[in-house]
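Undergrad:
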Amino acid sequence: MTVTAGSAGTAATSTTPARVLDEAQLGHLKHWDDLSRRLPHDWSLMQGKGAGEDDFGSYRFQLAYMVYGLALTHRHRLPAAPGLFRPTIQRLIDKLLMPDVWLYWRDVSRGGMVMNAHLSDGYHEEWDPVVRDNIMYSAYVQSCSLLHDHLFADDRYAQPGALTFEHWSFFWGGEPKRFAYDRDSLNEHLYWQMVQNGYLGIACEPNCVFQICNQPAILGFRLHDVITGGDRAGEVVAGYQQAWADFGRLDDTGHYNQMILEDSRVVRPNALQAPWVDAWCGALMNTWNHDFVHEHYPRQVADFLEPGPDGTIAVRSTPAMEVMGQTVVNDTCDLGWVAAWASEMGDRATLDGILAHADRFMAPTWRDGALYYPRNDTENDAEGHRTGIEPMTGNVLLGYARLDVPDGLHELYQHPWGPEHVAEPALTEVGRDVEVSRAEVVDGVLHARLRRRGLDADGTVVLGRVPDGARLRVDGQEVAGTPVPEGLRLDVPAGPAHDVELVP
Amino acid sequence: MSAPTGRPTQIAFALVDHTGRPVTLDSYRGDWLLVQFGFTSCRVVCPRALTKLSAALDELGPLAEEVRPLYVSVDPERDTPEVMRAFLTASYPRFTGLTGTPAQVEAAKDAFRVFARRRPDPDDPDGYAVPHTAITYLVGPDGRVARHWPDTADAHTVASDLAATIPGRPST
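So the protein lines, in turn, are chains E and S. Residue numbering for the first sequence follows UniProt numbering, starting at 1 and increasing by one per position. Residue numbering for the second sequence follows UniProt numbering, starting at 1 and increasing by one per position.
1. Once you ignore the five residues that flank HIS410 (chain E) on each side, which residues in its own chain have a CB closer than 7 Å to its CB?
2. From VAL500 (chain E) to VAL462 (chain E), what does the alpha carbon distance come to, in whole angstroms?
3. For the region 158–190 of chain E, which residues have a beta carbon sitting closer than 7 Å to at least one beta carbon of chain S?
4. Which residue from E:ILE202, E:ALA401, E:ARG316, E:THR228 puts its Cα closest to that of ASP155 (chain E)?
5. Output, in sequence order along the chain, the residues in the region 197–209 of chain E whose CB is closer than 7 Å to any CB in chain S.
6. Taking only three categories from DSSP, how would you classify ARG471 (chain E)?
7. To the nearest angstrom, how far is the alpha carbon of VAL445 (chain E) from that of LEU103 (chain E)?
8. Distance cutoff 7 Å, beta carbons only. Does VAL266 (chain E) sit that close to anything in chain S?
9. Any idea what DSSP makes of TRP417 (chain E), helix, strand or coil?
10. Going straight from the alpha carbon of SER41 (chain S) to that of SER54 (chain S), what length do you get?
11. Distance, Cα to Cα, GLY161 (chain E) vs SER185 (chain E)?
12. Report all residues from its chain with a CB closer than 8 Å to the CB of THR16 (chain E); omit the five preceding and five following residues, and keep chain order.
13. For PRO22 (chain S), which residues in chain E fall below 8 Å Cβ to Cβ?
14. Tell me the rounded alpha-carbon separation between GLU486 (chain E) and HIS31 (chain E).
15. Rounded C-beta distance between GLY69 (chain E) and GLY336 (chain E)? I'm assuming under 8 Å.
16. Identify which residue in E:PRO82, E:LEU35, E:ASP331 has its Cα closest to the Cα of HIS421 (chain E).
17. In this structure, does DSSP put VAL73 (chain S) in helix, strand or coil?
18. Establish whether the CB of PHE95 (chain S) and some CB of chain E are separated by less than 7 Å.
19. Return no unless some Cβ of chain E is closer than 7 Å to the Cβ of THR133 (chain S).
20. Quick one: grab the DSSP three-state call for ILE135 (chain S).
21. Go ahead and label THR13 (chain E) buried or exposed: buried means 16 or more other beta carbons lie within 10 angstroms of its beta carbon, across all protein chains shown.
22. Could you tell me the distance, in whole angstroms, from the CA atom of PRO93 (chain S) to the CA atom of ASP126 (chain S)?
23. When the Cα of ALA24 (chain E) is compared with those of E:ALA370, E:HIS167, E:ASP121, which residue comes out closest?
24. For PRO206 (chain E) and GLY174 (chain E), what's the separation of their Cα atoms in angstroms?
25. What does the alpha-carbon distance come out to for the pair THR253 (chain E) and GLN211 (chain E)?
26. Counting beta carbon pairs with one atom in the region 51–69 of chain S and one in the region 14–26 of chain S, are three or more of them shorter than 8 Å?
27. Are SER437 (chain E) and LEU72 (chain E) closer than 7 Å when you measure CB to CB?
28. Can you pull out the residues from the region 151–166 of chain S whose beta carbon lies closer than 7 Å to at least one beta carbon of chain E?
29. Relative to the C-alpha of MET362 (chain E), which residue among E:GLY346, E:ASN395, E:THR350 is closest?
30. DSSP state of ASP17 (chain S), grouped into three classes?
31. Are the region 468–482 of chain E and the region 105–118 of chain E touching, with three or more C-beta to C-beta distances below 8 Å?
32. Name the DSSP beta bridge partners of HIS447 (chain E), please?
33. DSSP beta-bridge partners for GLY431 (chain E)?
34. By the DSSP assignment, the alpha helix (DSSP H) with TRP127 (chain E) in it spans what residues?
35. Identify the continuous beta strand (DSSP E) that holds HIS167 (chain E) and give its terminal residues.
36. With burial defined as no fewer than 16 other Cβ atoms inside 10 Å of the residue's Cβ, what is the status of TRP172 (chain E): buried or exposed?
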């Protein structure tokens, strides 16, 4: 293993006609793959400042947005490489189902959050992490499993019990806890919670309905519609618009209302003008509400940016809240969320400035070909430049921002792949040692750019859905792949990246 | 203890129909029930929904005889049986109105997982409205929800779905 500090290589990532990933993008994908392969309960590099997995830097968000980032990369940049993304997404979903990720709900479900302490007598300890409220977790299980099944035309998570939450401890906890769902039953369950809440949304912590955390559920409804038919997403969006019309999606200052309290119907604005509130909400809401989000973005984002030297741009954070004599510990991930938002908005200048800031002040680190920005709890350097960074930003969001494309989520939502996509030739298996920087079908020809990393023995790919009589070329020279039931297996040669073509 | 999950299945209610007769699900056992929640002072959603559903039943023809349309109030303080009878017989005569005590109505809402919540409305003579779920439910003769439609489903869609779901009586 080698760990080096240095530049990410390039702050700017251009979308070239050939859709070839650059070094930094490849580094983020490698890091996500590495994190997905951690042994159970090994959360190295992912631990944030907060305890108990109940804040915004939690494992669930890191895991889910790695899945989202992989989905966006597959959808927009490497559409002919399902074999690269599918196993990684499956491993990340496996981790998302682990009790380490959702056990916080047993405690948070009791409703003792500071602003809801008066309601706690009405709530009880709930072990099932998706059955009531907790949309900040359940919607990610729903949407990630549906992203998988949509992108890979698979019914993996439709199998009974495919999304099962289990926990048992020899040392405490009594009877085993086991809650079995699948993509359809979970989707149905969330839908009816939406109905019963008048489409206002499902609460995160009890009584707190965040705009942000209901957006992934809407994406999930849309994907479920795509897979199974119907228009639940359209129904929910129409109901959501109507329900929030009474309160306004934006607060008096033009920033996104953060949440509404179910019992009092009191809206909590983004009173502190916290960047993460607008950025997270705006990036996700762009799925179905493109014009509204784009209209308000320029003015909103301008309130958060801090120009720095040489075109770098930092993102300010609000001071930590003081409540009951305590300082609230929370990974706000402001810089990461604004980067992700700028990427989705197609705001190249802001995105490049933020990435340049991260590369200059946030210690980009390469580790066996993987790129990340390690957690740093020191908020500023001696010159006042922002250095503080959370695992959610350093592991996930900066990579997500580099790999998304303008309106990437919007396009995923509005123009999902149809059955014709999974009929095209593709890299259906990718060995761990193979780096894929290009994989797309252009005019019927599968183009791939592959490189051996030299870190692992598995250096083969399988080209599937091969048309009869198709010819395989490596760097322009015709080669014979090894026939396998799925298509042709190719042993990727060592050395620099190779251009592979499958010509019908 | 867990919250209910998924589509409502445990349909049960104890209400009063618009003639003042106490009714439960068993009162209609064996019928197909087309159930819409609402309130008679509703100015937009309910008139639109009841008009649409009446049109759907018209389109259904003789098969509509198999369907008992029910309109369940979410505003029991105002919607007495007499008020509901007057409202429905005047404009939506296919429908039977159901109401009850606030507790009875609340239980019916929970059974169908319906949302309704009173809020101030300066345009209402009484100063409030009751925004509510506008989903239409079809309950089968076995007392289970067979399907449902969002507010956006048009009359023809509802009629087509009803025709596809409800077996006609054998001709004699």
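Glycine is no exception: its CB is placed at the ideal position from the N, C-alpha and C atoms. Please read these numbers as outputs of a predicted model, since none were measured by experiment.
TA: Considering the structure as presented:
1. When the five nearest sequence neighbours on each side are left out, the beta carbons in the same chain lying within less than 7 Å of the beta carbon of HIS410 (chain E) are those of ASN286, THR287, HIS290, in order along the chain.
2. Computed Cα separation, rounded: 12 Å.
3. SER185, GLU188, HIS189
4. Nearest option by C-alpha distance: E:THR228.
5. ASN197, GLY198
6. Annotated three-state conformation of ARG471 (chain E) is strand, per DSSP.
7. 48 Å
8. no
9. Correct three-state label for TRP417 (chain E): coil.
10. Distance from the CA of SER41 (chain S) to the CA of SER54 (chain S), rounded to the nearest whole angstrom, comes to 19 Å.
11. So the two alpha carbons sit approximately 10 Å from each other.
12. Low confidence applies here, because THR16 (chain E) scores a pLDDT of 42, under 50, leaving its location unreliable and the question unanswered by this model.
13. Ordered by position in chain E, no residue passes the 8 Å Cβ test against PRO22 (chain S), which lies about 26 Å from the chain.
14. 28 Å
15. Not really, about 12 Å apart at Cβ, beyond 8 Å.
16. E:PRO82
17. Before going further, note that residue 73 (chain S) is Ser rather than Val in the sequence given. SER73 (chain S): strand per DSSP, three-state reduction.
18. no
19. yes
20. coil
21. Any reading at THR13 (chain E) must be qualified, since the residue scores a pLDDT of 45, below 50, and its modelled position is unreliable; the value itself is stated next. It counts as buried.
22. 26 Å
23. Residue E:ALA370 is the option with its Cα nearest to ALA24 (chain E).
24. 25 Å
25. 17 Å
26. no
27. no
28. THR152
29. E:ASN395
30. strand
31. In short, these stretches do not touch, since the Cβ pair count stays below three.
32. E:GLU440, E:GLU501
33. DSSP, once it has assigned bridges, lists no residue as partnering GLY431 (chain E).
34. Careful: TRP127 (chain E) lies outside any alpha helix (DSSP H) and carries neither H nor E.
35. 163–167
36. exposed
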